[in-house]
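Each remark here refers to the structure printed beneath this line.
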Amino acid sequence: DTAVSQTPKYLVTQMGNDKSIKCEQNLGHDTMYWYKQDSKKFLKIMFSYNNKELIINETVPNRFSPKSPDKAHLNLHINSLELGDSAVYFCASSPWDGANSPLHFGNGTRLTVT
Amino acid sequence: GIQVEQSPPDLILQEGANSTLRCNFSDSVNNLQWFHQNPWGQLINLFYIPSGTKQNGRLSATTVATERYSLLYISSSQTTDSGVYFCASPGGTSYGKLTFGQGTILTVHP
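Top to bottom, those sequences are chains A and B. Start counting the first sequence at 17; every next residue gets the next number (the numbering used here). Start counting the second sequence at 31; every next residue gets the next number (the numbering used here).
Shown next as structure tokens:
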């Protein structure tokens, strides 16, 4: 299936741990993103990459480090997890600039920090 | 940055009813997108609508950029339409920096 897929779907961990979320898209899109959805369902962009190059870093704590080994993959590593990091993290992709082309989301990773 | 306001915040319908959801923007609207988040949390792109009107089955969307708003019409609603509807616009920024509205929670009862 053509899609944006991210793993894991659920992530439960303790404060202070380090965790990673992986994302892959086989749509042939040039641009990939990480969005965060908080408990009130508000969606906010964290990062965007265009063909492996970081384009947007939206005032995210430097405990969050995205990595794009190629344009089909964008992973998110989080160090020293805090309670406030609990949220649903969505990976997304778009054919080119997502401001001018439709955005396609993965199914989300629900992160719970205890 | 651009401010996005959606109305109504909540909407409850009986199956078969029609509804209109609205997005108002504080700044120029361009390349607006509508999304549906189903009860399982999946976010589906419904429309990419820079301007004018688009239709997809029972759903249609209209963007009036000059008046800074967009409307999503749902006709003959079904229980599977339940979920949260978001609109988003880049508002002049680029590279996917969409600003999302707070969403409209739609519940369709059988």
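All C-beta atoms, glycine included, are put in the ideal place defined by N, C-alpha and C. Computed from a predicted structure; not experimentally measured.
Just grab the DSSP bridge partners of residue i for me.
i: residue 38 of chain A; result: A/23
i: residue 118 of chain B; result: B/63 and B/130
i: residue 69 of chain A; result: A/66
i: residue 123 of chain A; result: BP columns for residue 123 of chain A are empty, so no partner.
i: residue 89 of chain A; result: A/40 and A/86
i: residue 50 of chain A; result: A/63 and A/107
i: residue 28 of chain B; result: With chain B covering 31 to 140 only, the question about residue 28 of chain B has no answer from this structure.
i: residue 40 of chain B; result: B/135
i: residue 76 of chain A; result: According to DSSP, which records beta bridges pairwise, residue 76 of chain A is partnered with nothing at all.
i: residue 32 of chain A; result: None, per the DSSP bridge assignment.
i: residue 96 of chain A; result: Residue 96 of chain A is not bridged to any residue.
i: residue 50 of chain B; result: B/103
i: residue 74 of chain B; result: B/66
Given residue i, which residues of its chain have a CB within under 6 angstroms of its CB, disregarding the five upstream and five downstream residues?
i: residue 54 of chain B; result: 35 and 99
i: residue 126 of chain A; result: 26 and 104
i: residue 34 of chain A; result: 95
At 8 angstroms on the CB atoms, spell out the chain A contacts of residue i, in chain order.
i: residue 130 of chain B; result: 58, 59 and 60
i: residue 99 of chain B; result: In chain order: nothing, as chain A lies at least about 19 angstroms away.
i: residue 103 of chain B; result: Those within 8 angstroms of residue 103 of chain B in chain A number zero; the least Cβ separation is about 19 angstroms.
For residue i, go through chain B and note every residue whose CB falls closer than 8 angstroms to its CB, in chain order.
i: residue 124 of chain A; result: 71, 72 and 73
i: residue 120 of chain A; result: 75
Using a cut-off of 7 angstroms between C-beta atoms, extract the partners of residue i located in chain B.
i: residue 116 of chain A; result: 61
i: residue 106 of chain A; result: 73
Taking C-beta pairs closer than 9 angstroms, name the residues in chain B that residue i reaches, listed in chain order.
i: residue 76 of chain A; result: Going along chain B, no residue has its Cβ under 9 angstroms from residue 76 of chain A, so there is no contact; the nearest lies around 13 angstroms.
What residues in its chain sit with their C-beta under 7 angstroms from that of residue i, if we drop five residues either side in the sequence?
i: residue 105 of chain B; result: 48 and 88
i: residue 40 of chain A; result: 21, 88 and 89
i: residue 72 of chain A; result: 61, 63 and 64
i: residue 73 of chain B; result: 65 and 67
i: residue 98 of chain A; result: 31 and 129
When you compare each of the options to residue i by their alpha carbons, which one comes out closest?
i: residue 66 of chain B; options: B/59, B/45 and B/77; result: B/77
i: residue 47 of chain A; options: A/23, A/58, A/90 and A/21; result: A/90
i: residue 102 of chain B; options: B/52, B/40 and B/42; result: B/52
i: residue 111 of chain A; options: A/98, A/129, A/67 and A/73; result: A/67
i: residue 76 of chain A; options: A/69, A/84 and A/92; result: A/92
i: residue 75 of chain B; options: A/128, A/121 and A/130; result: A/121
i: residue 43 of chain A; options: A/19, A/29, A/69 and A/23; result: A/19
i: residue 82 of chain A; options: A/106, A/117, A/100 and A/59; result: A/106
What distance in whole Å lies between the Cβ atoms of residue j and residue i, which are believed to be in contact at a cut-off of 8 angstroms?
i: residue 65 of chain A; j: residue 108 of chain A; result: Not a contact, Cβ separation roughly 11 angstroms.
i: residue 93 of chain B; j: residue 114 of chain B; result: No, residue 93 of chain B and residue 114 of chain B are not in contact; Cβ-Cβ is about 20 angstroms, not under 8 angstroms.
i: residue 33 of chain B; j: residue 119 of chain A; result: About 20 angstroms; that fails the 8 angstroms criterion.
i: residue 43 of chain B; j: residue 90 of chain B; result: At roughly 17 angstroms, the Cβ-Cβ gap does not stay under 8 angstroms, so residue 43 of chain B and residue 90 of chain B are not in contact.
i: residue 129 of chain B; j: residue 119 of chain B; result: 6 angstroms
i: residue 134 of chain B; j: residue 38 of chain B; result: 6 angstroms
i: residue 71 of chain B; j: residue 124 of chain A; result: 5 angstroms
Could you list which residues in chain A have their beta carbon closer than 9 angstroms to that of residue i, in chain order?
i: residue 116 of chain B; result: 57 and 59
Counting only Cβ pairs nearer than 7 angstroms, list the residues of chain A close to residue i.
i: residue 31 of chain B; result: Simply none; closest approach about 11 angstroms.
i: residue 133 of chain B; result: 57
Excluding the 5 residues flanking residue i on each side, which residues of the same chain have their C-beta closer than 8 angstroms to its C-beta?
i: residue 69 of chain B; result: 112 and 113
Kindly say whether residue i, judged by its beta-carbon, lies nearer than 8 angstroms to any beta-carbon of chain C.
i: residue 72 of chain A; result: No chain C appears in the structure shown, which is made up of the protein chains A and B.
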